[in-house]
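Chemist: In this note's numbering, the protein residues as written are 61 to 273.
The beta-carbon is built from N, C-alpha and C at its ideal position, and this holds for glycine as well.
#1: Could you tell me the alpha carbon to alpha carbon distance between residue 183 and residue 204, rounded to whole angstroms?
#2: State yes or no: is the beta carbon of residue 66 nearer than 8 Å to at least one beta carbon in chain D?
#3: Helix or strand or just coil, what does DSSP make of residue 87?
#4: Look at residue 213 and residue 163 and say whether their C-beta atoms are less than 8 Å apart.
#5: Going along the chain, which unbroken runs of the alpha helix (DSSP H) with 4 or more residues stay wholly within the stretch 196-240?
#6: Which of helix, strand or coil does DSSP assign to residue 65?
#7: Classify residue 181: buried if its beta carbon has 16 or more other beta carbons within 10 angstroms, exposed otherwise.
#8: Using three-state DSSP, classify residue 140 as helix, strand or coil.
#9: Which two residues bound the contiguous beta strand (DSSP E) that contains residue 105?
#10: Just to check my reading of the structure: residue 144 and residue 110 have Cβ atoms closer than 8 Å, yes? What is that Cβ distance to the nearest angstrom?
#11: Can you tell me the Cα-Cα spacing of residue 177 and residue 138, whole angstroms?
#12: Could you check how far apart the C-beta atoms of residue 210 and residue 232 are, in whole angstroms? I think they sit under 8 Å.
#13: So residue 92 packs on residue 136, CB below 8 Å; how close in whole Å?
#14: In the DSSP assignment, find the unbroken alpha helix (DSSP H) run with residue 71 in it and report its ends.
#15: Alpha carbon to alpha carbon, how far is residue 249 from residue 268? Give it in angstroms, no decimals.
#16: Give every residue of the same chain whose Cβ lies closer than 6 Å to the Cβ of residue 149, excluding the five residues on either side of it in the sequence, and list them in chain order.
#17: Hey, how far is the Cα of residue 76 from the Cα of residue 88?
#18: Can you list, in chain order, the residues of its chain whose CB lies under 7 Å from that of residue 126, leaving out five sequence neighbours each side?
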């Protein structure tokens, strides 16, 4: 009962050599794990950070720091996760890196969902049908499920070298920049429902009146 609240806290340590905020440090994720457990014990939602790094460029270091924090956040069970796509300790937000982090988040969510063990996923009958030395690629069961069973990234490269050269030798970063351009050019955000807009305007008007008083 009462107002819904979201608790959080700044859990990032400081680099004692530079005084920089250590977004990408393992201690940050460890501290947020403690905060998440405290919030869960209180029965409250919490605010934490992930996908934010100390690397000044979207390079290998940035990818490692982002992936570690996103995966650990997935395991911790945090509710509202902020600062995704931030570089150099939160000083810079960069859309292509945000797109790369989106793939990292998608991978973590897919992994966190676990392996489904059902008669359909185990498909013992298909194993009997194909038999030793057979070809599963031509079986209808494969055609039915392969799109949903294999995780597909937007920016990660899975070509062999020769294929990669034919495709233009684009890097993960190149693909991320292209996706940013596509999203900004084509995406049409859905408008808020009318009743939500009315409610928001009522709240704003009420607060303005309170401030004037």
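Modeler: Reading off the structure:
#1: Translated into the one-based positions of the chain shown, residue 183 becomes position 123. Translated into the one-based positions of the chain shown, residue 204 becomes position 144. Each residue's Cα considered, the two are about 12 Å apart.
#2: Looking at the structure shown, chain D is missing, and only one protein chain is on hand.
#3: Counting from one through the chain shown, the residue named residue 87 turns up at place 27. Three-state result, residue 87: helix.
#4: Translated into the one-based positions of the chain shown, residue 213 becomes position 153. Translated into the one-based positions of the chain shown, residue 163 becomes position 103. In this structure, residue 163 lies closer than 8 Å to residue 213 by Cβ.
#5: List check, alpha helix (DSSP H) in window: 200-209 and 221-226.
#6: Numbered from 1 along the chain shown, position 5 holds the residue referred to as residue 65. Looking at residue 65 - three-state DSSP - the assignment turns out to be coil, as it is neither helix nor strand.
#7: On the chain shown, residue 181 is found 121 positions in, with the first residue counted as 1. Classification for residue 181: exposed.
#8: Numbered from its first residue, the chain shown carries residue 140 at position 80. Residue 140: strand per DSSP, three-state reduction.
#9: Position 45 of the chain shown, counted from the first residue, corresponds to residue 105. Its beta strand (DSSP E) spans residues 105-109.
#10: As a working note, residue 144 is residue 84 in the chain shown. As a working note, residue 110 is residue 50 in the chain shown. About 7 Å; that satisfies the 8 Å criterion.
#11: Position 117 of the chain shown, counted from the first residue, corresponds to residue 177. Position 78 of the chain shown, counted from the first residue, corresponds to residue 138. Distance between the alpha carbons of residue 177 and residue 138 is about 26 Å.
#12: On the chain shown, position 150 is the one that residue 210 refers to. On the chain shown, position 172 is the one that residue 232 refers to. The Cβ separation is near 19 Å, so there is no contact.
#13: Counting from one through the chain shown, the residue named residue 92 turns up at place 32. Counting from one through the chain shown, the residue named residue 136 turns up at place 76. The Cβ separation is near 6 Å, so the contact holds.
#14: Reading the chain shown from its first residue, position 11 is the one you call residue 71. Note, residue 71: premise wrong, no alpha helix (DSSP H); not H, not E.
#15: Translated into the one-based positions of the chain shown, residue 268 becomes position 208. Translated into the one-based positions of the chain shown, residue 249 becomes position 189. Straight-line Cα distance between these residues: approximately 28 Å.
#16: Indexing the chain shown from 1 puts residue 149 at position 89. Excluding positions up to five away in sequence, the list reads 80, 81, 83 and 114.
#17: Here residue 76 corresponds to residue number 16 of the chain shown, with the count starting at 1. Here residue 88 corresponds to residue number 28 of the chain shown, with the count starting at 1. Take the alpha-carbon of residue 76 and the one of residue 88: they are about 15 Å apart.
#18: The residue given as residue 126 occupies position 66 in the chain shown. Cβ within range, chain order: 111, 113, 161 and 164.
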